[in-house]
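131 is the number that the working numbering gives to position 66 of the sequence shown; each next residue is one higher, with no gaps.
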Amino acid sequence: MRKREQWASKVGLIFAAAGNAIGLGNLLRFPSKVALYGGGAFMVPYFVALFLLGLPLMVLEWVIGRYAGAKGHGSMTGIMGSLFHHANWARVLGSLGVAIPFLIVCYYIYIESWTLGFAVLSLFGQMPKPVSTQDPKVAMEPYVSFFREYTEPSVLAVLFLVITLLVNWYILQRGVVKGIELTAKVGIPALLLMGVFLMVVSLSIRGGKGLEGLLYIYTPDFSKLGDPQVWLEASGQIFFTLSLGMGAIATYASYVKYREDVLKSAFWTAGINEFVEVVIGASIAIPAAFAMFGAMAVPELAKEGTFRLGFMSMPAVLMALPFGWLLSAVWFFLLFIAALTSSLALTQPLVSLFEDEMRWSHTKAVNVSMLMVSVGAFLSAFVPGFIDELDFWAGTLMLVFFALVEIIVF
């Protein structure tokens, strides 16, 4: 049997697993949900879901991943098979845990390329000039137009998509230790530093108006607790933010040493993710928008969703500040690192399937995996509605279904 790689260090393992969980949902999706669904009151169902659903599922994936990894299996196809004496039905069912992250990364990596493109364009002063106004619609109009033109897709969008695919390809080709683990060791500390820096900037805008924005979104509206949708949204956010129900955590866990304390690893992973989400994520985009445009604009911006908040309102705010080009570049590089560590994790289950179950060489497994991802990414770029369809079926329905399967099997 081919010797499988193992994480080289405890720190590398925790950073890689945290990078798996940390993504665009922490920095954009979470603050929008808080602003829309009861502010501080949203945190009640959020933490209930974290402790009753999130942490148990996180531990579950770490345990079955370590167990199967000792037997030479890293994808959910092999993991489920190893639990049921390699029964065909179990392997077929487990294949959902490879299909889900693959389908998600097909569109996720395209969005990741936007963050890299916008970061580079910000750095070289190619973003639209800010409009001096407190009317959010007027202030964001140049950035709305710029975003639409960029994602048509433009030649630049295709160029940065190719670069993003090559970056992922190169890191995965280097393997678990020299590729994913090394990237996480550099990327996660950099992400935390940039996140804290932007948090300070956002909260201090206009003499501390940003801090008022943080208090605004966390002001509890307890009447929302009677709304079932709030509980559903909170539970969905926990699944989304911790990367549960898609097999990616279990794949990473399959590369740990057999006697690794996976309980500690699971709690560290969840803890770092929650810090980035609840402390950093909530303290950047919405408070900055509040400080610049006022309280009335926050619910509207939150309703517009992740893309508008991240790619239109934040540049409109940051570009209006001193050294706005640099702040905008830091913001998009922050998003890029968060997205990169997640896209690596979402692709690794497919690589592991080819390596462990089909006995392909690492080079061939990565090449075929990334060719498949590249096809999906270009479909996401050029086929209207493709992203929405994949997000609904893979990122919503299949995610919850497979989490239920994992619980029953466990």
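Think of the CB as a built atom: it goes at the ideal place given N, C-alpha and C, for glycine as much as any other residue.
Report all residues from its chain with a CB closer than 6 Å to the CB of residue i; omit the five preceding and five following residues, and keep chain order.
i	result
V241	E70, Y320
A100	I282, I351, V363, A367
L186	M192
G119	I303, L307
I345	G260, M264
P207	P193
W234	M435
M66	For M66, the predicted structure reports a pLDDT of 48, less than 50, and the residue's modelled location is therefore unreliable. A value from the coordinates is still provided. Closer than 6 Å at the Cβ level, and outside the excluded window around M66, lie G137.
F211	P193
F287	A106
Could you work out which residue in the options is closest to residue i when comparing CA atoms only?
i	options	result
D326	F211, W127, F443, R94	W127
G139	E422, A86, N338	E422
F167	S434, S426, W396	S434
G301	A315, A313, M463, S348	M463
R213	R373, S407, Y173	R373
G310	V113, G104, M123	M123
N11	L268, E454, D286, L237	Here the chain comprises residues numbered 66 to 475, so residue 11 is not present and cannot be evaluated.
L158	C171, G143, I169	G143
A255	H151, E277, V395	V395
L224	S439, L469, S97, K98	S439
Identify whether residue i lies in helix, strand or coil by the three-state DSSP scheme.
i	result
K68	coil
R424	coil
V76	helix
A83	helix
D453	helix
P387	coil
V474	helix
G275	helix
V448	coil
F262	helix
K98	helix
G88	coil
G103	coil
Starting from the C-beta of residue i, find all residues in its chain whose C-beta is less than 7 Å away, skip the five residues before and the five after it, and write them out in chain order.
i	result
L226	Y175, S178, A442, A446
L392	V266, L383, L386
Could you round the C-beta distance between residue i and residue j to whole angstroms and report it? I think they count as a contact, below 8 Å.
i	j	result
G84	A318	Not confirmed; about 14 Å, so no contact.
F107	A299	6 Å
P414	M141	7 Å
L94	F305	Reading off the sequence shown, one finds Arg at residue 94, where the question assumed Leu. So it is a contact: roughly 7 Å between Cβ atoms.
I129	A315	6 Å
Y102	K274	That pair is no contact at about 23 Å.
D169	A459	Checking the sequence shown, residue 169 turns out to be Ile, not Asp. Right, their Cβ atoms sit about 5 Å apart.
F400	L115	Reading off the sequence, residue 400 comes out as Leu, not Phe. That pair is no contact at about 23 Å.
L279	A347	7 Å
Here's a check: name, in chain order, each residue in its chain whose Cβ is nearer than 8 Å to the Cβ of residue i, leaving out the five neighbours to either side.
i	result
N338	A83, A86, I87, N91, T306, L307
G359	Q199
Q294	Y102
Taking 7 Å as the cut-off, is the beta-carbon of residue i closer than that to any non-hydrogen atom of the ligand FAD?
i	result
S210	Because no ligand of any kind appears in the structure shown, any question about the ligand FAD cannot be addressed here.
Ignoring anything shorter than 4 residues, give me the alpha helix (DSSP H) runs that lie fully in the segment 178-253, in order along the chain. 201-215, 220-238
Please list the segments of the alpha helix (DSSP H) lying wholly inside the segment 306-375, counting only runs of 4 or more residues, in order along the chain. With a minimum length of 4 residues, the unbroken runs of alpha helix (DSSP H) contained wholly in the segment 306-375 fall at 313-318, 327-339, 350-358, 362-369.
Ordered list of alpha helix (DSSP H) runs contained in the segment 281-307, each at least 4 residues: Those alpha helix (DSSP H) runs which fall completely within the segment 281-307 and span 4+ residues are 293-306.
Could you name each continuous alpha helix (DSSP H) segment of 4 residues or more that falls completely within the segment 132-186, going from the start of the chain to the end? Along the length of the segment 132-186, whole alpha helix (DSSP H) runs at least 4 residues long occupy 141-148, 153-159, reported in chain order.
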